[in-house]
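*Asks:* Please find one structure pasted underneath; my questions will follow.
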Amino acid sequence: MKRLLPVLAAAAFALAAPLPAPALADPLPPDASRAAHGGRTPDNLRELARKLGVRMGSAVNATALAEEADYRRVLNREFDHVTAENAMKWESVEPQRGVYAWEDADAVVRNALRNRQQVRGHTLVWHNQIPAWLTEGVADGSIDAAELRKILRDHIMTEVGRYRGKIRAWDVVNEVVDDDGNLRQSIWLTHLGPGYIADAFRWAHQADPRAKLYINDYNLEWNTNKINTTLGIVKDLKAQRVPIHGIGFQGHLGIQYDYPGDFADIMRQFTDLGLEAAITEADVRMVLPVTPEKLATQADYYKRMLSTCAANKRCAEFTVWGYTDRHSWVPDWFEGEGAACIMDENLTPKPAYHALLTVRRG
Numbered sequence: 002m003k004r005l006l007p008v009l010a011a012a013a014f015a016l017a018a019p020l021p022a023p024a025l026a027d028p029l030p031p032d033a034s035r036a037a038h039g040g041r042t043p044d045n046l047r048e049l050a051r052k053l054g055v056r057m058g059s060a061v062n063a064t065a066l067a068e069e070a071d072y073r074r075v076l077n078r079e080f081d082h083v084t085a086e087n088a089m090k091w092e093s094v095e096p097q098r099g100v101y102a103w104e105d106a107d108a109v110v111r112n113a114l115r116n117r118q119q120v121r122g123h124t125l126v127w128h129n130q131i132p133a134w135l136t137e138g139v140a141d142g143s144i145d146a147a148e149l150r151k152i153l154r155d156h157i158m159t160e161v162g163r164y165r166g167k168i169r170a171w172d173v174v175n176e177v178v179d180d181d182g183n184l185r186q187s188i189w190l191t192h193l194g195p196g197y198i199a200d201a202f203r204w205a206h207q208a209d210p211r212a213k214l215y216i217n218d219y220n221l222e223w224n225t226n227k228i229n230t231t232l233g234i235v236k237d238l239k240a241q242r243v244p245i246h247g248i249g250f251q252g253h254l255g256i257q258y259d260y261p262g263d264f265a266d267i268m269r270q271f272t273d274l275g276l277e278a279a280i281t282e283a284d285v286r287m288v289l290p291v292t293p294e295k296l297a298t299q300a301d302y303y304k305r306m307l308s309t310c311a312a313n314k315r316c317a318e319f320t321v322w323g324y325t326d327r328h329s330w331v332p333d334w335f336e337g338e339g340a341a342c343i344m345d346e347n348l349t350p351k352p353a354y355h356a357l358l359t360v361r362r363g
C-alpha cells in the first residue's frame, strides 16, 4: 500500500555497475549495550535513536530530496536511516528491459552515505509497480515461466549487487500474503509457484551476503490470518535454511480504528523465531479535518508503536513512511483522510513528533 511513482519525465539511464561509494559503518551499539535514557528529552530523532538503540528512519521522496533544500535539511538532521519510497522499485530502476535508470536510487544512497545514514532497500519482489514490459510479456505469452524466473533472478542480482555493502537491509518480498491469509495472487505465484519466495531470498543473499533480508507486510500488527500465514512462511524458510533475517511490520494505522493492543506480543512471536524486527512504513492517518483531539490520539499511536519496538531487544528500526504531510501518500489512497505524518506541510513538528521524543526503552 504505497503511492505510485509517476513516470519520470526524464531519467538518466546507466549500465548496472556498482555505485562507487564507501560502505557505511553501523553507528549503533550492539543490543547488549543499549542504554536507557537519562532524564533529558532528546533534541531530535537522531539523538533519540542513539538513546534507544533503535534506528530512526524515514522514507525518502527522491524528487523532494533533489529539489527542496528544507526537506533535505530536516531529513538529514532528524534521521539516521532512510528508505527510498519509490526509487528502488522495479518499474523505476528498469523501465525498459535491460535499460536501467539508477539516478534517483543512487542519489538516495549517496545522500545517506554523506550524512551517516543507513539505508533500507525497498523492494525487490512485489505484486505492484512492476514494469509494463514484464507484465505485458507475461500476459501475451512472450515471457514463459522459465524466462520469468531468470528475469527475476537477474533483477535481484543486479539491484542488490549494485548496492552491495551500502544497504543495511532489503525488503526482499513485500506483501506476499493477502488479507484472508492466502498467498497473494500475482504473476510470481501464478507462474513460478510458492518457491519464488525462497529463491528470492537465496539470490539476494548471494548478491550481498552481509545485508539483512526481510519479509515485509501491512496489517501484521493485528490481522490474525496474515500473522499466522506469515509465521508459517518464516518457519518453512528457516527449516529450508533459507537466509531470512527480519520481519517488517509496515505500521499503517488510522486513528478511527482501535490501536492494535496485541502488537507487542505479535512482534515477539516473530523475534522468538530468531528474526530481527522493524517497523518499516509507520504513519497514522485521520479523517479530515484535523483537530487537536485527533492530533493527540495520533501522537499516542505513534508513541505506542515506537515503545513496542524499544521494548523488544530484537527490534532494530522504526521508519516513518515519509516524515512530512507535504509528500504523504495517504491522501491519494484514502479519500477524505490525511495528516498522517509527524510533521505538517511546512515541516513543523506535530504532537506525534514530540511524543516520539518521550519514548523510553522498555
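Residue numbers for the sequence shown, in the working numbering: 2 to 363.
Idealized CB from N, CA, C, for every residue including glycine.
(1) If you follow the beta strand (DSSP E) that aspartate 326 is part of, which residue opens it and which one closes it?
(2) Determine whether the beta carbon atoms of methionine 259 and asparagine 226 lie at a separation below 8 Å.
(3) In angstroms with no decimal places, state the Cα-to-Cα distance between valine 288 and asparagine 313.
(4) What residues in its chain sit with their C-beta under 6 Å from that of isoleucine 168, if we drop five residues either side in the sequence?
(5) Taking one C-beta from the region 264-279 and one from the region 242-252 each time, how about it: are there three or more such pairs within less than 8 Å?
(6) If glycine 323 sits next to asparagine 62, beta carbons under 8 Å apart, how far is it from one beta carbon to the other, in whole angstroms?
(7) Just to confirm before moving on: does the CB-CB distance between leucine 76 and serine 93 stay below 8 Å?
(8) Since tyrosine 164 is in the alpha helix (DSSP H), which residue starts that stretch and which ends it?
(9) Following the continuous alpha helix (DSSP H) through glutamine 207, name the residue where it begins and the one where it ends.
(10) With burial defined as no fewer than 16 other Cβ atoms inside 10 Å of the residue's Cβ, what is the status of serine 308: buried or exposed?
(11) At 4 residues or longer, what runs of the alpha helix (DSSP H) sit wholly inside the region 40-104?
(12) Going along the chain, which residues of its own chain have a beta-carbon closer than 6 Å to the beta-carbon of alanine 113, five neighbours each way excluded?
(13) Give the straight-line distance between the Cα atoms of cysteine 316 and leucine 135, rounded to the nearest whole angstrom.
(14) Following the continuous alpha helix (DSSP H) through lysine 236, name the residue where it begins and the one where it ends.
(15) Around the C-beta of glutamate 44, are 16 or more other C-beta atoms found within 10 angstroms, so that it is buried, or is it exposed?
(16) Are the beta-carbon atoms belonging to leucine 232 and tryptophan 171 less than 8 Å from one another?
(17) With a threshold of 7 Å on Cβ separation, who are the neighbours of alanine 208 within its own chain once the five nearest residues in sequence on each side are excluded?
(18) Between lysine 351 and the rest of its own chain, which residues show a CB-CB distance below 7 Å, the 5 nearest in sequence each way excluded?
(19) Return the CA-CA distance between isoleucine 188 and histidine 128, expressed in angstroms with no decimal places.
(20) My assumption, with CB atoms under 8 Å, is that leucine 357 sits in contact with leucine 46. Please give the rounded CB distance.
(21) Would you mind reading off the limits of the beta strand (DSSP E) that contains isoleucine 248?
(22) Is it buried or exposed for proline 210, if we count other Cβ within 10 angstroms and need 16 for buried?
(23) How about valine 243 and isoleucine 216: are their beta carbons less than 8 Å apart?
(24) If you follow the alpha helix (DSSP H) that glycine 122 is in, where does it begin and where does it stop?
(25) On the criterion of 16 or more Cβ atoms from any shown chain inside 10 Å, does proline 293 qualify as buried, or is it exposed?
(26) Buried or exposed: which applies to lysine 151, given that a residue is buried once 16 or more other Cβ atoms fall within 10 Å of its Cβ?
(27) Quick test of your reading: aspartate 301 and serine 329, contact by CB under 8 Å. State the CB separation rounded to the nearest angstrom.
(28) Tell whether a beta-carbon distance below 8 Å holds between glutamate 338 and arginine 286.
(29) How is valine 139 classed by DSSP in three states: helix, strand or coil?
(30) I'd like the span of the alpha helix (DSSP H) that includes valine 331, first residue to last.
(31) For the alpha helix (DSSP H) that contains arginine 269, what are its first and last residues?
(32) Do you know offhand how far proline 30's Cα is from aspartate 273's?
(33) Could you name the residues of the same chain whose beta carbon sits closer than 6 Å to that of glutamate 176, not counting the 5 residues immediately before and after it, in chain order?
(34) Who pairs with tryptophan 171 in a beta bridge, going by DSSP?
(35) Between the C-alpha atoms of leucine 49 and alanine 70, what's the straight-line distance to the nearest angstrom?
*Replies:* Inspection of the coordinates gives the following:
(1) Per DSSP, aspartate 326 lies in no beta strand (DSSP E) and is assigned neither H nor E.
(2) Reading off the sequence shown, one finds aspartate at residue 259, where the question assumed methionine. Between aspartate 259 and asparagine 226, the C-beta gap is not smaller than 8 Å, which leaves the two residues out of contact.
(3) Going by the C-alpha atoms only, they are around 31 Å apart.
(4) Setting aside the 5 residues that flank it on each side, isoleucine 168 is surrounded in the same chain by Val120, Gly122, Ala212, each with a C-beta closer than 6 Å to its C-beta; the list follows chain order.
(5) At 8 Å Cβ cutoff, the stretches touch.
(6) 7 Å between Cβ atoms; contact.
(7) Judged by beta-carbon spacing, serine 93 lies beyond the 8 Å limit of leucine 76, meaning their Cβ atoms are not closer than that value.
(8) Neither: tyrosine 164 is in no alpha helix (DSSP H) and is coded neither H nor E.
(9) Note, glutamine 207: alpha helix (DSSP H), 197-208.
(10) When all chains shown are included, serine 308 counts as buried.
(11) Counting only runs that start and end inside the region 40-104, the alpha helix (DSSP H) elements of at least 4 residues fall at 46-53, 63-68, 70-79, 91-94.
(12) Around alanine 113: Val83, Val120.
(13) Those two C-alpha atoms are separated by around 36 Å.
(14) First-last of the alpha helix (DSSP H) with lysine 236: 225-240.
(15) Here residue 44 turns out to be aspartate, not glutamate, going by the sequence shown. Counting every other CB atom within 10 Å of its CB across the protein chains shown gives aspartate 44 a total below 16, marking it as exposed.
(16) Judged by beta-carbon spacing, tryptophan 171 lies beyond the 8 Å limit of leucine 232, meaning their Cβ atoms are not closer than that value.
(17) If the five residues before and after alanine 208 are omitted, its C-beta is found closer than 7 Å to the C-beta atoms of Ile157, Met158, Val161, Gly162, Arg165, all from its own chain and listed in chain order.
(18) Residues of the same chain with a CB within less than 7 Å of the CB of lysine 351, apart from the 5 flanking positions on each side, are Leu296, Ile343, Met344, Asp345 in chain order.
(19) Straight across, the Cα-Cα distance linking isoleucine 188 with histidine 128 is about 7 Å.
(20) Contact holds; Cβ gap of about 7 Å.
(21) 247-250 is the extent of the beta strand (DSSP E) around isoleucine 248.
(22) Around the CB of proline 210, fewer than 16 other CB atoms lie within 10 Å, so the residue is classed as exposed.
(23) Cβ distance not < 8 Å, so valine 243 and isoleucine 216 don't count as in contact.
(24) Element bounds for glycine 122: not the alpha helix (DSSP H) but the beta strand (DSSP E), 119-126.
(25) In this structure proline 293 is exposed. Its beta-carbon is surrounded by fewer than 16 other beta-carbon atoms within 10 angstroms.
(26) The residue in question, lysine 151, is exposed, as its Cβ has fewer than 16 Cβ neighbours within 10 Å.
(27) Actually they are not in contact, since the Cβ atoms of aspartate 301 and serine 329 sit about 19 Å apart, beyond 8 Å.
(28) For glutamate 338 and arginine 286, yes; Cβs fall inside 8 Å.
(29) Helix, per DSSP.
(30) Element bounds for valine 331: 331-334.
(31) Bounds of the alpha helix (DSSP H) holding arginine 269 are 264-272.
(32) Low confidence applies to proline 30: its pLDDT is 40, below 50, so where it sits in the model is not reliable enough to give any reading.
(33) Contacts found: Asp218.
(34) Looking at the DSSP assignment, tryptophan 171 forms a beta bridge with Gly122, Leu214.
(35) Using only the alpha carbons, I get a separation of about 24 Å.
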